[in-house]
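Numbering (the working numbering), first residue to last: -3 to 251.
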């Protein structure tokens, strides 16, 4: 398995949580009150976790995903005509100029070439449109259980480096990536906690969907990590998993 290759993980991806509706509703109001209502573009849409949330809050538009296995999983959902799925990348979406009022990347912007991606978002967005990069890291510090699980993971991999869970990203870092090309302005940070209740099977499948840990641990090491987590949660019927959706939004400078 390689960094950024989700082909073997697509079957587990649907077990992941959605994003905070508080954050998404807040951003929706900000975007549409500023630039007017219009279509959205979910870039790096995976199997459609963020797309589902956007649909739930009344939005429609485009979902772009480079990985075929992820798109196959996404196709199992009934999107109707509300979201049109296509193959594409953050750097080359394949979408038309000025086709969306709001573009988003959910837990995927760290895989993109940020300089090329922001130029592409500038192109597909209407003048004054918005781009949001959002992540959904576990709120580990709020739960003794999840602190214990995190310690178990690092006991197997003490030198592990996450590609990005969104937890450690700073606004200064995002300013550098989103504003330096002159395509966007006025960075806005919004975050909110939320909780997902999972069966043990679903919770373990969320771990099986994680790319960067599997790559660094290797097959045997990752299996040991899974066994440690299963032992920790064995006494629970359900797992309460705290998350914190963290988002950075910028406005298109196009006139």
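Here a beta-carbon is modelled for each residue, glycine too, at the ideal position from N, C-alpha and C.
Cut-off 7 Å between Cβ atoms - residues of its own chain near residue 177, not counting five sequence neighbours on either side: Locating residue 177 in the chain shown gives position 181, counting from the first residue. Excluding residues within five positions, the ones whose Cβ falls inside 7 Å are 111, 114, 115.
Taking the alpha-carbon of residue 9 as reference, which of 181, 200, 143, 166 has the nearest alpha-carbon? Translated into positions along the chain shown, residue 9 becomes position 13. Considering only alpha carbons, the answer is 200.
Just the C-alpha distance for residue 100 and residue 37, rounded to the nearest angstrom, thanks. Against the chain shown, residue 100 aligns to sequence position 104. Against the chain shown, residue 37 aligns to sequence position 41. The alpha-carbon atoms of residue 100 and residue 37 are separated by roughly 6 Å.
Cβ of residue 20 within 9 Å of Cβ of residue 50? Translated into positions along the chain shown, residue 20 becomes position 24. Translated into positions along the chain shown, residue 50 becomes position 54. Taking 9 Å as the Cβ cut-off, residue 20 and residue 50 qualify as a contacting pair.
With burial defined as no fewer than 16 other Cβ atoms inside 10 Å of the residue's Cβ, what is the status of residue 29: buried or exposed? Your numbering for residue 29 matches position 33 in the chain shown. Exposed, since its Cβ has fewer than 16 Cβ neighbours within 10 Å.
Boundaries (first-last residue) of the alpha helix (DSSP H) holding residue 141: Position 145 of the chain shown, counted from the first residue, corresponds to residue 141. Looking at the DSSP string, the run of the alpha helix (DSSP H) that includes residue 141 is 140 to 152.
Indicate whether residue 96 and residue 80 have their beta-carbon atoms separated by less than 9 Å. Here the question's residue 96 lines up with position 100 in the chain shown. Here the question's residue 80 lines up with position 84 in the chain shown. Cβ atoms of residue 96 and residue 80: not closer than 9 Å.
Assuming residue 126 contacts residue 18 (C-beta within less than 8 Å), just tell me the rounded distance between them. The sequence position of residue 126 within the chain shown is 130, counting from 1. The sequence position of residue 18 within the chain shown is 22, counting from 1. Not quite, the Cβ-Cβ distance comes to about 18 Å (not below 8 Å), so this is no contact.
Nearest-angstrom Cα distance between residue 251 and residue 123? Looking up residue 251 in the chain shown gives position 255. Looking up residue 123 in the chain shown gives position 127. Distance between the alpha carbons of residue 251 and residue 123: 5 Å.
Three-state secondary structure assigned by DSSP to residue 11: Position 15 of the chain shown, counting from 1, holds the residue named residue 11. The answer is coil: DSSP assigns residue 11 none of H, G, I, E or B.
Chain-order list of residues whose beta-carbon lies under 7 Å from that of residue 218 (same chain, five-residue window excluded): Start at 1 with the first residue of the chain shown, and residue 218 comes out as number 222. Closer than 7 Å at the Cβ level, and outside the excluded window around residue 218, lie 209, 210.
Going by alpha carbons, who is nearest to residue 213 out of 157, 171, 229, 183? As a position in the chain shown, residue 213 is number 217, starting the count at 1. Minimum Cα distance to residue 213 is reached at 157.
Let me confirm a value: residue 74 is counted as buried when at least 16 other C-beta atoms fall within 10 Å, else exposed. Which label applies? Start at 1 with the first residue of the chain shown, and residue 74 comes out as number 78. Counting Cβ neighbours within 10 Å, residue 74 comes out exposed, since fewer than 16 surround it.
Looking only at its own chain, which residues have a Cβ that is under 6 Å from the Cβ of residue 129, when we skip the five neighbours before and after it? As a first step, residue 129 must be located in the chain shown, where it is residue number 133. The residues are 101, 105, 244.
Could you check if residue 150 is buried or exposed, using at least 16 other CB atoms within 10 Å of its CB as the buried criterion? To locate residue 150, count along the chain shown from 1; it is residue 154. Answer is exposed; the Cβ neighbour count stays below 16.
Within 10 angstroms of the Cβ of residue 45, are there 16 or more other Cβ atoms? Answer buried if so, exposed if not. The residue you call residue 45 lines up with position 49 of the chain shown. Burial call: buried.
Contact under 9 Å by Cβ, residue 163 with residue 131: Residue numbering aside, residue 163 sits at position 167 when the chain shown is read from its first letter. Residue numbering aside, residue 131 sits at position 135 when the chain shown is read from its first letter. For residue 163 and residue 131, yes; Cβs fall inside 9 Å.
By how many angstroms is the C-alpha of residue 107 removed from the C-alpha of residue 87? Numbered from its first residue, the chain shown carries residue 87 at position 91. Numbered from its first residue, the chain shown carries residue 107 at position 111. For residue 87 and residue 107, the distance between alpha carbons rounds to 11 Å.
Name the DSSP bridge partner or partners of residue 292? Here the chain has residues from -3 to 251 only, and residue 292 is not among them.
What residue does the beta strand (DSSP E) around residue 174 start on, and which one ends it? Residue mapping note: residue 174 aligns to position 178 of the chain shown, counting from 1. First-last for residue 174: 167 to 175, but that is the alpha helix (DSSP H), not the beta strand (DSSP E).
Alpha-carbon to alpha-carbon, residue 232 and residue 65: In the chain shown, the residue the question calls residue 65 occupies position 69. In the chain shown, the residue the question calls residue 232 occupies position 236. Cα to Cα, the separation comes out at about 32 Å.
Where does the unbroken alpha helix (DSSP H) through residue 232 begin, and where does it stop? The residue given as residue 232 occupies position 236 in the chain shown. Note, residue 232: premise wrong, no alpha helix (DSSP H); not H, not E.
Distance, residue 94 Cα to residue 248 Cα: Here residue 248 refers to the residue found at position 252 when the chain shown is read from its first residue. Here residue 94 refers to the residue found at position 98 when the chain shown is read from its first residue. About 11 Å.
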